[in-house]
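> Just passing along the structure, written as structure tokens.
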Amino acid sequence: MPKTRLLQTYWRKTLRITAVLVAVWFVATFVVVYYAADLNRFSFLGFPLGFFMAAQGSLLIYVALVWFYARYMNRLDKECGVAEE
Amino acid sequence: MTGPMKKLLSAGLGLGTALASFGAFAAEAGVGDSHRTMTFLVFAAIIGVTLYITYWAAKQTHSTSEFYAAGRSVSGVQNGWAIAGDYLSAASFLGIAGLISLYGYDGFMYSVGFLVAYITVLLVIAEPCRNIGKYTLGDILAFRNNPKASKTVAALSTITVSTFYLIAQMVGGGVLIKTLVGIDYEVSVAVVGVLMLSYVVFGGMKATTWVQIVKAVLLVAASILLVMFVWAPYGFSLPSFLQGVVDDPKVQAQVAKVLGDSAANMTPEQLGQRFLEPGLLLKDPLDQLSLGLALVLGTAGLPHILMRFFTVPTAQEARKSVIWAMGIIGGFYVLTLFLGMGAATLVGAGKITALDKGGNMAAPLLAQFVGGGPDSMLGNFFLAFVAAVAFATIVAVVAGLVLASASAMAHDIYVGVIRGDHATPEEQVRAARVSSIIVGVVSIILGILSKGQNVAHLVGLAFAVAASSNLPAVVLTLYWKRCNTGGVVAGMLVGAITAIAVVMVSPNMTYPLAKIADANKVLNGEPAKDGKPAKPGALEKLTGLQAKLATAIEGADKEKLTKDIAATEKAIKGAQDELKKFEGQTTSIVGLEKPLIKLKNPGIISIPVGFLMVIIGSLLYRDKRAEEMWDELYVRQNTGIHAEGAVAH
Chain S
0 MPKTRLLQTY WRKTLRITAV LVAVWFVATF VVVYYAADLN RFSFLGFPLG
50 FFMAAQGSLL IYVALVWFYA RYMNRLDKEC GVAEE
Chain V
0 MTGPMKKLLS AGLGLGTALA SFGAFAAEAG VGDSHRTMTF LVFAAIIGVT
50 LYITYWAAKQ THSTSEFYAA GRSVSGVQNG WAIAGDYLSA ASFLGIAGLI
100 SLYGYDGFMY SVGFLVAYIT VLLVIAEPCR NIGKYTLGDI LAFRNNPKAS
150 KTVAALSTIT VSTFYLIAQM VGGGVLIKTL VGIDYEVSVA VVGVLMLSYV
200 VFGGMKATTW VQIVKAVLLV AASILLVMFV WAPYGFSLPS FLQGVVDDPK
250 VQAQVAKVLG DSAANMTPEQ LGQRFLEPGL LLKDPLDQLS LGLALVLGTA
300 GLPHILMRFF TVPTAQEARK SVIWAMGIIG GFYVLTLFLG MGAATLVGAG
350 KITALDKGGN MAAPLLAQFV GGGPDSMLGN FFLAFVAAVA FATIVAVVAG
400 LVLASASAMA HDIYVGVIRG DHATPEEQVR AARVSSIIVG VVSIILGILS
450 KGQNVAHLVG LAFAVAASSN LPAVVLTLYW KRCNTGGVVA GMLVGAITAI
500 AVVMVSPNMT YPLAKIADAN KVLNGEPAKD GKPAKPGALE KLTGLQAKLA
550 TAIEGADKEK LTKDIAATEK AIKGAQDELK KFEGQTTSIV GLEKPLIKLK
600 NPGIISIPVG FLMVIIGSLL YRDKRAEEMW DELYVRQNTG IHAEGAVAH
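Protein sequences appear in the order of chains S and V. Position 74 of the first sequence, counted from 1, bears residue number 73 in numbering that gives the first Met the number 0, the numbering being contiguous throughout. Position 291 of the second sequence, counted from 1, bears residue number 290 in numbering that gives the first Met the number 0, the numbering being contiguous throughout.
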């Protein structure tokens with residue numbers, strides 16, 4: 000593939016993964032907080048679910064998001080030949 | 000310092016009060032001489048370690064890249080710890096545990112809010128900035144825009160943000176050391192200043208990075224230690240710990256107190272359960288949204304946080320550092336759950352708020368409690384340790400801030416604008432060191448002049464300016480093809496000025512008429528209004544109490560009455576002092592009798608203004624270079640090709 004095509008693919012994929020992750024981030028933050036009292040009717044690891052999400056769940060999701068993003072981007076760098084040595 | 004500046008500093012609530020009340024706390028907790036010695040030893044150990052790091056780093060710091068970016072030799076893991084060290088300020092250490100101890104669920108909203116910010120930092124800002132930047136915010140903006148103009152505004156904004164933040168940290172640090180080690184406030188501020196200056200001037204970014212790493216490790220270690228003590232009685236089981244919180248009478252009493260009348264028909268079980276649901280703290284949604292916006296977007300625009308990404312050698316390491324930072328900060332906030340809930344059950348909201356209304360004393364009180372209380376050796380040692388960690392926290396954050404300001408002055412203004420980028424490496428490093436000394440000395444002076452002032456809202460203002468000025472300029476430079484110098488200059492200036500101006504007309508300022516009215520209400524009471532019965536004033540109450548004391552027979556009654564009289568006299572004295580303080584004054588420093596707006600946090604107004612001004616400014620201005628550089632930027636920001644990497648020196 001010519002270099003410019005490759006870079007276009009790279010840019011498109013970067014934007015797509017960013018959009019997907021921002022969507023997950025939005026749900027894990029705002030939607031969950033908004034419905035916290037309703038979620039508390041369910042229980043998770045002995046916690047009321049809504050409370051768990053604020054105390055630990057959303058934090059874990061953030062860390063997972065960042066980890067996934069880094070892994071995805073590192074692979075994409077290699078595929079498109081722009082990885083730094 | 001002029002009167003207006005002092006008044007500006009005196010407004011608001013938060014960290015300043017947090018640390019000031021830490022002082023009051025230590026005094027009330029009966030800190031004796033033996034405790035002082037122990038505190039002194041713990042502090043000395045931490046200072047010794049950091050100075051040794053500085054000595055070691057200084058031997059390796061010669062070039063510009065070494066001074067500003069630790070020679071880009073910091074690994075992802077190290078940078079992750081350093082970011083955590085940079086980001087976890089005393090407010091997040093003392094403040095969040097306190098909020099959780101008082102308000103349960105809503106307290107977490109702050110920690111989640113802080114961490115949410117990092118997602119925006121990573122996904123939109125960090126990586127492209129690292130790929131096109133060199134040492135400063137100015138470098139990022141100068142890539143496409145006119146270098147001199149954009150570096151000047153970027154430096155102005157960096158210095159404004161960092162100075163607001165610096166003053167708050169210096170004042171807090173001064174109060175903390177004054178109380179715990181027993182030296183004067185002025186000397187304490189000077190100690191913080193000189194320490195931080197020696198890290199930055201001699202060791203540059205390398206020493207600053209390692210001081211931040213040490214501080215982050217200490218902070219996490221201290222928290223784990225306390226959590227062990229809190230959690231062990233529950234056999235390290237989450238459900239039983241949580242059930243313990245719900246069943247705790249102190250927690251139930253606190254919820255009933257916060258809810259007021261609406262809690263009348265709730266069972267104790269329901270009250271405890273309510274602690275785990277939202278709605279106890281966040282009452283004005285618009286103001287909260289405004290604060291949240293500034294926190295989330297401001298983090299991405301804080302110069303000292305952005306700078307950290309220039310210290311790693313590759314994009315891969317930059318990503319790794321964010322994973323580590325997220326993991327550490329997230330883990331720390333999970334620990335605050337136990338700290339806050341532990342303080343709520345073991346110490347109780349009553350004792351915590353008695354020392355500080357904002358709840359900032361929760362963690363130190365908890366430390367003293369689990370160690371065996373105020374009279375025990377271990378209790379005092381834990382208290383000293385928590386104090387030392389808070390101190391290390393302040394010095395590390397301050398060092399990062401000074402480095403950011405100094406690089407804006409030396410790299411952007413002196414080398415970039417005045418010398419037109421023609422300076423030898425030796426001259427550049429010298430300029431960086433001289434700038435650090437200037438920034439450091441100015442911050443020591445401002446810290447001493449702000450003695451006794453409430454500086455807390457300056458932290459909020461720093462975030463608001465960063466979000467309204469730096470962020471719009473950076474984001475649009477990176478992602479909008481049409482963005483140019485006109486927009487960047489207009490957006491950064493107007494964004495920053497709007498944030499500051501909104502605060503100047505907000506309820507954060509001191510309004511003498513309102514203060515006088517409040518004091519009069521305390522003294523003379525309030526007439527009946529809207530169906531509410533009239534409230535007697537303190538003066539009337541005092542006469543009543545004295546009359547009762549004269550006729551009281553029982554010893555217990557007498558004791559209670561004497562106590563009430565003392566409290567009432569204290570309230571009268573406070574109100575009279577206020578009246579004297581504001582006598583003859585009618586307006587705030589900008590000439591207002593009352594606030595123009597209800598909003599305390601400017602973000603929701605100033606952030607859109609910042610973005611709008613970048614767009615309008617760009618559309619009104621034509622800049623060929625900015626358009627030509629878009630294609631180059633497009634390649635570079637996403638790939639890091641040509642990024643100032645390990646090859647640069």
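Where a beta carbon is used, it is the ideal one built from N, C-alpha and C, also for glycine.
Thinking C-beta only, is V/Val-613 closer than 9 Å to V/Val-458?
No, the Cβ-Cβ distance between V/Val-458 and V/Val-613 is not below 9 Å.
> V/Gly-70: which of V/Ala-89, V/Phe-308, V/Tyr-478 sits nearest, CA to CA?
V/Phe-308
> Mind pulling the alpha helix (DSSP H) runs of 4 or more residues that sit fully within the segment 264 to 340 of chain V?
267 to 273, 284 to 300, 302 to 307
> At what residues does the alpha helix (DSSP H) containing V/Thr-497 begin and finish?
484 to 503
> Just to confirm, is the Cβ distance from V/Asn-78 to V/Ala-317 under 9 Å?
Yes, they are a contact pair.
> Checking 9 Å against the spacing of the C-beta atoms, do V/Ser-156 and V/Ala-465 come in under that value?
yes
> V/Pro-127: buried (16+ other C-beta within 10 angstroms of its C-beta) or exposed?
Per the 10 Å Cβ criterion, buried.
> Give the DSSP bridge partners of V/Pro-535, in chain order.
V/Gly-524
> What residues from the segment 333 to 361 of chain V come within 8 Å of chain S, judged by C-beta to C-beta, listed N to C?
Going along the segment 333 to 361 of chain V in chain order, one finds Val-333, Leu-336 with a Cβ nearer than 8 Å to chain S.
> Step through the CB atoms of chain V and report whether any lies within less than 9 Å of the CB of S/Val-26.
At a cut-off of 9 Å between beta-carbon atoms, S/Val-26 makes no contact with chain V.
> Quick one: using the 10 Å Cβ neighbour count with 16 as the cut-off for buried, is V/Glu-425 buried or exposed?
exposed
> Report the rounded CA-to-CA distance for V/Tyr-233 versus V/Phe-240, giving the unit in angstroms.
6 Å
> Looking at the secondary structure, which residues open and close the alpha helix (DSSP H) in which V/Gly-616 lies?
602 to 619
> Check the Cβ-Cβ distances between S/Ala-22 and every residue of chain V, and say whether any is below 9 Å.
no
> With distance defined between alpha-carbon atoms, name the residue in V/Ile-588, V/Gln-168, V/Leu-336 nearest to V/Gly-399.
V/Gln-168
> Nearest CA to the CA of V/Gly-485: which residue from V/Leu-598, V/Ala-472, V/His-61?
V/Ala-472
> Using the rule of at least 16 other Cβ atoms within 10 Å of the residue's Cβ for burial, across every protein chain shown, is S/Phe-41 buried or exposed?
Under a 10 Å Cβ-count criterion, S/Phe-41 is classified as exposed, with fewer than 16 other Cβ atoms of the shown protein chains found around its own Cβ.
> How big is the Cα-Cα spacing for V/Met-360 and V/Leu-217?
19 Å
> Could you give the residue range of the alpha helix (DSSP H) that holds S/Arg-74?
57 to 78
> Suppose the cutoff is 8 Å on Cβ atoms and the five residues either side in sequence are ignored; what does the same chain contact list for V/Leu-377 look like?
Gly-370, Gly-371
> Taking the Cβ atom as the reference point for each residue, do V/Val-321 and S/Ala-22 lie within a distance shorter than 9 Å?
no
> Can you tell me the Cα-Cα spacing of V/Val-474 and S/Lys-77, whole angstroms?
26 Å
> Report buried or exposed for V/Glu-276, applying the criterion of at least 16 other Cβ atoms within 10 angstroms of its Cβ.
buried
> Within the continuous alpha helix (DSSP H) that includes V/Gly-439, where are the two ends?
424 to 448
> Is the distance from the Cβ of V/Lys-450 to the Cβ of V/Val-193 below 9 Å?
no
> Along chain V, which residues have their Cβ under 7 Å away from the Cβ of S/Phe-41?
Ordered by position in chain V, no residue passes the 7 Å Cβ test against S/Phe-41, which lies about 13 Å from the chain.
> Taking the alpha carbon of V/Gly-202 as the reference point, which residue from V/Val-521, V/Asn-469, V/Met-37, V/Ser-435 has its own alpha carbon closest?
V/Ser-435
> Give a yes or no on whether the minimum CB-CB distance between S/Val-62 and chain V is below 9 Å.
yes
> Starting from V/Tyr-510, follow the alpha helix (DSSP H) in both directions and report where the run begins and ends.
Run containing V/Tyr-510: none; DSSP gives neither H nor E here.
> Is any beta-carbon of chain S found at less than 9 Å from that of V/Ile-95?
no
> Using the Cβ count rule (16 or more neighbours within 10 Å means buried), how would you classify V/Pro-601?
Buried, because 16 or more other Cβ atoms sit within 10 Å of the Cβ of V/Pro-601.
> Given that V/Ile-322 touches chain S, what residues does it touch there, using C-beta distances under 8 Å?
Val-62, Val-65, Trp-66, Ala-69
> Let me know if V/Asn-144 comes out buried or exposed under the rule of 16 or more other beta-carbons within 10 Å of its beta-carbon.
By the beta-carbon neighbour count (other beta carbons within 10 angstroms, threshold 16), V/Asn-144 is buried.
> Would you say V/Lys-319 reaches chain S, if we count a Cβ-Cβ gap shorter than 9 Å as a contact?
At least one chain S Cβ lies under 9 Å of V/Lys-319.
> Mind reading off the beta-carbon distance from V/Met-408 to V/Ala-153? Whole number of angstroms is fine, and I expect it under 8 Å.
Not quite, the Cβ-Cβ distance comes to about 11 Å (not below 8 Å), so this is no contact.
> If we define contact as Cβ-Cβ less than 9 Å, is V/Leu-275 a contact residue for chain S?
Answer yes: the Cβ-Cβ gap between V/Leu-275 and chain S drops below 9 Å somewhere.
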